[in-house]
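Mapped onto UniProt numbering, the consecutive letters of the sequence shown carry residue numbers 1 to 341. Glycine included, every Cβ here is placed at the ideal spot set by N, Cα and C. All values derive from a computational prediction rather than experimental measurement. Read the structure below first, then the notes.
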Amino acid sequence: MSHRTIVEPSVRYRVALAPGWIASLAVVAPFLAGVSIPPALQYAPLVVSAVLLGLPHGAVDHLAVARTRGEHPDWRAIVRVFALYGVVGGAYAVTWFLAPAAAFVLFIAVTWFHWGQGDLYALRALADADHLQSLPQRIGTVLVRGGLPMLVPLLAFPEWYRRVATDLVSLFAPDAAAAIGWAFQTDVRTALAIAYGVLVVATLTVGFVRADARRPWLLDAGETLGLLAYFALVPPVLAIGVYFCLWHSLRHVARLLLVDDDATAALANRDPAAALARFARDAAPLTAASLALLGGLYFLVPNPPGSVPEWVALYLVFIAVVTLPHVVVVSIMDREQGVWV
């Protein structure tokens with residue numbers, strides 16, 4: 001895999017990987033000790049993600065593709081990304097109004113792929129994993145990693161999952177939530193759990209057999225099994241909020257820093273604060289614009305939110321809309337950097 005970096009592995013680990021490990025352990029510890037966290041507080045990380053890493057991590061898409069290609073982003077490159085967001089994101093937004101249950105299922109599927117896609121990049125480029133040698137292994141890894149935040153909470157906390165799904169769909173059509181009731185049936189969840197368990201074991205086993213170096217495989221297996229426990233023990237809203245900010249988004253931010261020459265130079269000089277400050281500057285304008293669009297969405301939905309869970313649901317709908325074009329941008333980055341080859 002080709003990726004431009006002169007950054008020492010220790011710096012990459014400290015900036016991109018370690019915060020997610022530490023945050024996951026810190027969040028799961030109270031639940032292992034039997035301590036409960038008030039439901040209202042569990043929404044806090046998702047709320048914070050609107051300005052810290054979560055929403056901003058996609059606000060540099062207009063610069064990302066050109067930088068990945070080693071080019072300076074010009075107005076044509078920026079306009080192409082804006083057009084992508086307008087057409088793809090706009091079409092998906094309309095789908096929420098016309099068929100909210102189908103739009104929710106698409107949200108889960110796209111996010112499943114995208115979050116797995118992010119971890120595949122992190123394993124190959126940041127952790128130097130050499131055991132993901134074939135395309136089927138990489139597909140399996142994407143399915144396993146994306147399934148940790150998207151599927152495991154459904155298996156472990158079906159009522160929480162149903163509540164969040166209902167909140168999203170009910171912004172558009174309260175009765176439409178019944179259309180996804182099949183996903184919460186015991187037999188469906190049991191079949192999904194068995195299939196997913198087999199996939200996890202098979203993917204890690206093949207990786208073990210093919211690994212030349214044990215440390216990257218151990219990191220992959222440790223993260224996979226650790227996240228499996230994390231999402232099985234921590235209620236979904238809290239678990240996903242922390243994961244979104246400090247695991248998925250931070251790893252993508254690190255990826256963006258490594259295609260920005262000035263940010264990479266700062267990391268090579270062991271100055272991650274300067275690199276992150278550069279990212280914050282690049283992301284600030286479109287983060288602010290996104291928050292304004294989120295506010296506009298409030299006036300468009302048929303059933304505007306009136307509580308914290310409903311406001312978070314509105315935010316998640318907006319995240320869904322911008323995630324679809326964001327996945328296209330990240331997929332182009334994957335192709336340019338040889339993530340799948």
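Count the other CB atoms, across all protein chains shown, that sit within 10 Å of the CB of residue 292; report buried if there are 16 or more and exposed otherwise.
Stepping through the sequence shown from its first residue, residue 292 is reached at position 292. Its Cβ having fewer than 16 others within 10 Å, residue 292 is exposed.
With distances taken between CB atoms, is the gap from residue 116 to residue 94 smaller than 9 Å?
For the purposes of this step, residue 116 is taken as the residue at position 116 of the sequence shown. For the purposes of this step, residue 94 is taken as the residue at position 94 of the sequence shown. It is not a contact, given that the beta carbons lie outside the stated cut-off.
Validate contact between the region 202-212 and the region 6-14 using beta carbons, cut 8 Å, 3 pairs
no
State the start and end residues of the unbroken alpha helix (DSSP H) segment that holds residue 9.
The count along the sequence shown starts at 1 and reaches residue 9 at position 9. Residue range 9-12 is occupied by the alpha helix (DSSP H) that includes residue 9.
If you drop the 5 nearest sequence neighbours on each side, which residues of the same chain put their C-beta closer than 6 Å to that of residue 4?
In the sequence shown, the residue the question calls residue 4 occupies position 4. Since pLDDT at residue 4 reaches only 48, below the 50 mark, its modelled position is unreliable, and the value read off the structure follows with that caveat. Excluding positions up to five away in sequence, the list is empty.
Taking just the CA atoms, how far does residue 23 sit from residue 2?
Numbered from 1 along the sequence shown, position 2 holds the residue referred to as residue 2. Numbered from 1 along the sequence shown, position 23 holds the residue referred to as residue 23. Model confidence at residue 2 stands at a pLDDT of 45, short of 50, so the residue's coordinates are unreliable; what they give is reported in the following sentence. Spanning the two alpha carbons is a distance of roughly 30 Å.
For the 8 Å Cβ check, are there 3 or more pairs between the region 80-87 and the region 97-108?
no
Counting pairs of beta carbons, one from the region 219-238 and one from the region 144-157, are three or more of them closer than 8 Å?
The region 219-238, when compared against the region 144-157, does touch it at the 8 Å Cβ threshold.
If you compare alpha carbons, which of 110, 286, 222, 238 is closest to residue 18?
For the purposes of this step, residue 18 is taken as residue 18 along the sequence shown, with counting starting at 1. Among 110, 286, 222, 238, the Cα nearest to that of residue 18 belongs to 222.
For residue 328, which residues from the same chain have a beta carbon less than 7 Å from its beta carbon, with the 5 sequence-adjacent residues on both sides left out?
Within the sequence shown, the letter at position 328 stands for residue 328. Cβ neighbours of residue 328 beyond the five flanking positions: 84, 88.
Below 9 Å between beta carbons: does that hold for residue 63 and residue 260?
Here residue 63 corresponds to residue number 63 of the sequence shown, with the count starting at 1. Here residue 260 corresponds to residue number 260 of the sequence shown, with the count starting at 1. Yes, the Cβ-Cβ distance between residue 63 and residue 260 is below 9 Å.
Among the candidates 245, 125, 313, whose CA atom is the shortest distance from the CA of residue 45?
Taking the sequence shown and counting its residues from 1, the one referred to as residue 45 is at position 45. For the residues 245, 125, 313, the minimum Cα distance to residue 45 belongs to 245.
Taking the alpha-carbon of residue 247 as reference, which of 49, 31, 39, 40 has the nearest alpha-carbon?
In the sequence shown, counting from the first residue as 1, residue 247 sits at position 247. The closest CA to that of residue 247, considering only 49, 31, 39, 40, is found on 49.
Since I believe residue 16 is in contact with residue 254 (beta carbons under 8 Å), could you give me their beta-carbon distance rounded to a whole number of angstroms?
As a working note, residue 254 is residue 254 in the sequence shown. As a working note, residue 16 is residue 16 in the sequence shown. So it is a contact: roughly 3 Å between Cβ atoms.
Report the three-state DSSP secondary structure of residue 249 (helix, strand or coil).
By one-based count along the sequence shown, residue 249 stands at place 249. In this structure, residue 249 counts as helix in the three-state DSSP scheme.
When we look at the beta-carbon of residue 362 and count the other beta-carbons within 10 Å, is it buried (16 or more) or exposed?
The chain is shown only over 1 to 341; residue 362 falls outside these bounds and no answer can be derived.
Within 10 Å of its beta-carbon, does residue 114 have 16 or more other beta-carbons around it, so buried, or fewer, so exposed?
By 1-based counting over the sequence shown, the position of residue 114 is 114. Residue 114 comes out buried.
Touching or not, the region 32-42 and the region 260-269, by the rule of three or more beta carbon pairs under 8 Å?
Not touching, per the Cβ criterion.
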